[in-house]
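Structure first, then comments.
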Amino acid sequence: MTPPARSPADLGALAQRLLDDLALATDEPGRVTRTYLSPAHARSIELVGGWMRERGLATRLDAVATLRGRREADGPAGRSVLIGSHIDTVVDAGKLDGCFGVVAGILAVEEIARRGLNLPFAVEILAFGDEEGVRFPSPLSSSSAATGTYRREWLTARDRGGVTLEEALRAFGCDPDAVEAAAIDLEGVVGYLEVHIEQGPRLEHWGLPLGVVTSIAGQTRMGMTVEGMAGHAGTVPMDLRRDAFTGLAEIALTVERIGRQGTGDLVATIGKVAVRPGAGNTVPGRVEASLDVRASADAPRLVALDRIRHEAERIAARRGLTIAFERHVDVPTCPMDERLQEAFSRAVASLGGDLRRLPSGAGHDAMAMARRFPSAMLFVRSKAGISHNPLEWTDPLDLGLAVEALVRTLLDLADAEGRA
86 MTPPARSPAD
96 LGALAQRLLD
106 DLALATDEPG
116 RVTRTYLSPA
126 HARSIELVGG
136 WMRERGLATR
146 LDAVATLRGR
156 READGPAGRS
166 VLIGSHIDTV
176 VDAGKLDGCF
186 GVVAGILAVE
196 EIARRGLNLP
206 FAVEILAFGD
216 EEGVRFPSPL
226 SSSSAATGTY
236 RREWLTARDR
246 GGVTLEEALR
256 AFGCDPDAVE
266 AAAIDLEGVV
276 GYLEVHIEQG
286 PRLEHWGLPL
296 GVVTSIAGQT
306 RMGMTVEGMA
316 GHAGTVPMDL
326 RRDAFTGLAE
336 IALTVERIGR
346 QGTGDLVATI
356 GKVAVRPGAG
366 NTVPGRVEAS
376 LDVRASADAP
386 RLVALDRIRH
396 EAERIAARRG
406 LTIAFERHVD
416 VPTCPMDERL
426 QEAFSRAVAS
436 LGGDLRRLPS
446 GAGHDAMAMA
456 RRFPSAMLFV
466 RSKAGISHNP
476 LEWTDPLDLG
486 LAVEALVRTL
496 LDLADAEGRA
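Residue numbers for the sequence shown follow our numbering, beginning at 86 and rising by one.
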């Protein structure tokens, strides 16, 4: 006898239990920190792989440590639907970012099987290991490998301990020489679906649990190095100082002003600063900082970057400093596939309530996947828009509604695939 379908409340409660368990896989006791190829990452693969196998999925680890769980099609071998997100975190993270998308995929596949429903395509769940780019400066590297766009120069990047990415992969039991084999065949894929917390306040403001993503904002991430002259804090007069930190402080206010003056949803952030030599009795001689600029259209982002660079160079020259920029990430705006957006939209509408579409200001694995496959995202309401923070929270009922929407989206695609 086929068991009854679980309610969104039941699905959400189960999702929350799994997320709570996954949060225990951490590199730092007392808070959630799970970086790529760390012991906590290994533990998370063990946990998530176990959940997959318990639900009948065949699992394997690819050359860049992406965990893949596959449920074969019911009937002749056909194409596959990919469902994914990441299981790495930022430092001192919440429990939901990325991880819920993987859990949602696992529970959706389980729920379809529980209801005795058939799918004409395989479903492959991808638990990417390196979306955040915390340990190595290569965000989205795992999903880039899946699309065949992995950059081999990433393998020479070093973490703070001096370990290269290639060395870390080998120590993890992976084969970086086989990165190309991690690419998924385009012809065999229906599309890529990613369920993710919004990480912003709009759905909560609208009073809606779910929203369909239209596009992912383009983003540029750069490093800035401001050079001055270190000196004794007690003997160098104020008018003779070449203080790299105060120069950066003025540049930071300029970045904020340009961000506020930008059109649309432009945002500009300096989120990381390292002051050298970093002594309380020394005028800073060097400052290294990050710069992150994003917008849902490319033109405002590029204009803002040009203004920031021009004004930062002017400030540095006036203060007797030098400034250098190093571009780490430069990704154009990424539209989501219209057909898959419609499938998500029908699923959300079938659950009742209003339907809203919205762009994503944050980057996601779907950005990399969309380079090769039709891709779409479903957002879930975030409490107060908080993310990358231990206070990150979503009502478990909303989590359950997202799982149910994913189930209905898969069934919608199954109907379309059957008609094709």
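Note that the Cβ used here is the ideal one computed from N, Cα and C, for glycine as well.
Quick caveat, the model's predicted, so the values are computed rather than measured.
{"Item": "Please go through the stretch 137-183 and give each complete alpha helix (DSSP H) segment of 4 or more residues, from N-terminal end onward.", "Value": "none"}
{"Item": "My parser needs the beta strand (DSSP E) runs of 3 or more residues fully inside the stretch 221-298; what are they?", "Value": "274-282"}
{"Item": "As a quick exercise: from LEU288, GLY356 and ILE210, pick the residue whose alpha carbon is nearest that of GLY470.", "Value": "LEU288"}
{"Item": "If you compare alpha carbons, which of THR299, SER226, ALA499 and ASP483 is closest to GLN101?", "Value": "ASP483"}
{"Item": "Quick test of your reading: PRO161 and ALA499, contact by CB under 8 Å. State the CB separation rounded to the nearest angstrom.", "Value": "Rounded, the Cβ-Cβ distance is 14 Å, inconsistent with contact."}
{"Item": "By Cβ distance below 7 Å, which residues in the same chain neighbour LYS357 in space, the five residues on each side in sequence not counted?", "Value": "ALA374 and SER375"}
{"Item": "Closest to ARG116 by CA distance: which of LEU495, MET323 and HIS473 is it?", "Value": "HIS473"}
{"Item": "Where DSSP assigns a beta bridge to LEU443, which residues make up the other side?", "Value": "VAL298"}
{"Item": "Residues bridged to ALA461 by DSSP?", "Value": "LEU278"}
{"Item": "Who are ARG412's beta bridge partners in DSSP?", "Value": "MET307"}
{"Item": "Have a look at HIS395 and LEU152 and give me their C-alpha separation to the nearest angstrom.", "Value": "44 Å"}
{"Item": "Any idea which residues DSSP pairs GLY509 with across the strands?", "Value": "Only positions 86 to 505 of the chain appear in this structure, which leaves residue 509 out of reach."}
{"Item": "CA-CA distance, ARG327 and LEU351?", "Value": "32 Å"}
{"Item": "What do you get for THR120, buried or exposed, if any count of 16 or more other CB atoms within 10 angstroms of its CB means buried?", "Value": "buried"}
{"Item": "Work out the CA separation of VAL188 and LEU99 for me, nearest whole Å.", "Value": "10 Å"}
{"Item": "Apart from the five residues on each side of it in sequence, which residues of its chain come closer than 6 Å, Cβ to Cβ, to GLY97?", "Value": "PRO481, LEU482, LEU484 and GLY485"}
{"Item": "DSSP on ALA469, reduced to helix/strand/coil?", "Value": "helix"}
{"Item": "Using DSSP bridges, identify the partner residues of GLU31.", "Value": "In this structure the chain extends from 86 to 505, so residue 31 is not present and cannot be described."}
{"Item": "Taking DSSP as the reference, what is the three-state secondary structure of ASP377?", "Value": "strand"}
{"Item": "Which stretch, first to last residue, makes up the alpha helix (DSSP H) that contains ALA210?", "Value": "Ala is not the amino acid found at residue 210; the sequence shown has Ile there. Careful: ILE210 lies outside any alpha helix (DSSP H), inside the beta strand (DSSP E) at 207-213."}
{"Item": "Is the beta carbon of ALA506 sitting closer than 8 Å to the one on LEU463?", "Value": "The displayed coordinates of the chain run from 86 to 505. Any statement about residue 506 would go beyond what the structure contains."}
{"Item": "How about LEU146 and ARG156: are their beta carbons less than 8 Å apart?", "Value": "no"}
{"Item": "Under the three-state reduction of DSSP, which class applies to ALA453: helix, strand or coil?", "Value": "helix"}
{"Item": "Can you tell me whether MET323 is buried or exposed? The criterion is at least 16 other CB atoms within 10 Å of its CB, across all chains shown.", "Value": "exposed"}
{"Item": "To the nearest angstrom, how far is it from the Cα of THR87 to the Cα of ILE197?", "Value": "11 Å"}
{"Item": "Might you give, ordered along the chain, the residues of its own chain that have their beta carbon closer than 8 Å to the beta carbon of GLU251, omitting 5 neighbours on each side?", "Value": "LEU240, THR241 and PRO261"}
{"Item": "Within 10 angstroms of the Cβ of ALA505, are there 16 or more other Cβ atoms? Answer buried if so, exposed if not.", "Value": "In this prediction, ALA505 has a pLDDT of 48, which is less than 50 and means its spatial position is unreliable; nothing more can be read from the coordinates."}
{"Item": "Below 8 Å on the Cβ atoms is my guess for ASP422 versus SER460; work out the distance and round it to an integer in Å.", "Value": "6 Å"}
{"Item": "Are the Cβ atoms of LEU476 and PHE257 separated by less than 8 Å?", "Value": "no"}
{"Item": "Take the Cβ of HIS317 as the centre, count every other Cβ of all protein chains shown within 10 Å, and call the residue buried at 16 or more, exposed below.", "Value": "exposed"}
{"Item": "Would you grab the beta carbon distance between ALA207 and SER165 for me? Rounded to a whole angstrom, and I think it's under 8 Å.", "Value": "4 Å"}
{"Item": "Determine the direct distance from the alpha carbon of LEU338 to that of GLY405, and round the result to whole angstroms.", "Value": "18 Å"}
{"Item": "Run through the DSSP bridge pairs and tell me what THR354 is partnered with.", "Value": "ASP377"}
{"Item": "When you compare the stretch 292-305 with the stretch 416-431, are there three or more beta-carbon pairs, one atom per stretch, that lie closer than 8 Å?", "Value": "yes"}
{"Item": "Does the stretch 439-456 touch the stretch 399-413, meaning 3 or more C-beta pairs lie closer than 8 Å?", "Value": "no"}
{"Item": "Can you confirm whether the stretch 425-441 touches the stretch 130-144 when touching is taken to mean that 3 or more C-beta pairs between the two stretches lie within less than 8 Å?", "Value": "no"}
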